[in-house]
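Structure record follows, encoded as structure tokens.
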Amino acid sequence: MLWSAWLSVAAICVLGAMSPGPSLAMVLRHTLHGSRLHGVVTGVMHGLGVGLYALLVVAGLAALILHVPWLFHAITWLGALYLAWIAFKSLRSSGAGPLSERTDVAAVSLVDAARDGFLTACLNPKVAVFFLALFSQFVSPGQNEASRAIMAATAWLIDTGWYVLVALVLSHSAVLPWLRAHAQWVDRVTGLVLFVVAVRVVTL
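Residue numbering for the sequence shown follows our numbering, beginning at 4 and increasing consecutively.
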């Protein structure tokens, strides 16, 4: 794979990862209600979900999702319902928990953080559309498997790196106290963002 082509893929993946949306809201939610580790786990598992989609695209399997309408719409609705459920929980939150200096974080498990990070990526078929549009510019019939693997790995590592960085920044001692003081409003904004995204997923 040419260096210039890789740089183009990497730059677009960075922009895609940095776009605000449900992924950012999910990492924010688990960082605040759990800990830095919870946010990192959410980011890592979200990156794994994104990497899975990238791998499916370069393997040619994402075309199946796009060309079997009922499957595409089923995944879309599952994703919207899942985001709406998380939004409902956030909107009902009182802001209590680790945000208010609680030391017991068992109520916010790492399993929940991992699940939410992974499903936020996997239940969004538009991730497949994004990678199909991107990789179609760089994948050719005679391209070797190593080049395709590099593209998928690039998407995976960039997404993971970005959301791990977000979790680290949000949990910094200079940032977290302010977020703790405004926990309830953070929850409400997070829930509103997730709800709006869920509605847009099924109406676009």
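The beta carbon of each residue, even a glycine, is placed where N, CA and C say it ideally should be.
Values in this document were obtained by computation on a predicted structure and should not be read as measured data.
Between S93 and G194, the gap from beta carbon to beta carbon is short of 7 Å.
By the CB criterion at 7 Å, A13 and T157 fall inside the cutoff.
Separation of the CB atoms of S174 and G42 is rounded to 6 Å, and the pair is thereby assigned contact status at 8 Å. The Cβ neighbour count for W88, taken over all protein chains shown within 10 Å, is under 16; the residue is labelled exposed.
If one requires a minimum length of 4 residues, the alpha helix (DSSP H) runs lying completely within the segment 117 to 182 are 129 to 138 and 148 to 173, in chain order. A62 sits in coil when the DSSP states are folded into three classes, being neither helix nor strand.
Take F133, set aside five residues on each side of it, and the residues of its chain with a beta-carbon closer than 8 Å to its own are G19, in chain order.
In the structure shown, G37 adopts coil according to DSSP, grouped into three states.
The three-state reading of DSSP puts L5 in coil, since its state is none of H, G, I, E or B. Around V60, the same chain offers A131, F134, L135 and F138 as residues with beta carbons nearer than 7 Å, after the five sequence neighbours per side are excluded.
In the three-state scheme derived from DSSP, where H, G and I count as helix and E and B as strand, G42 is classed as helix. CA-to-CA, the gap between M29 and T45 works out to about 8 Å. As the crow flies, the alpha-carbon of H76 is around 9 Å from that of P128. When the Cα atoms are used, P72 and L51 turn out to be separated by approximately 25 Å.
Contact annotation, T163 with S26: C-beta distance approximately 11 Å; criterion of less than 8 Å not satisfied.
Contact between W165 and V53 is ruled out by a C-beta separation of about 10 Å, above the 8 Å threshold.
Proximity to W6 across D115, G120 and I153 peaks at I153, based on C-alpha coordinates. The C-beta distance from L86 to A201 rounds to 4 Å, short enough to fall under 8 Å. For S112, the three-state secondary structure derived from DSSP is coil. Distance between W9 and F121, taken at the CA atoms: about 25 Å.
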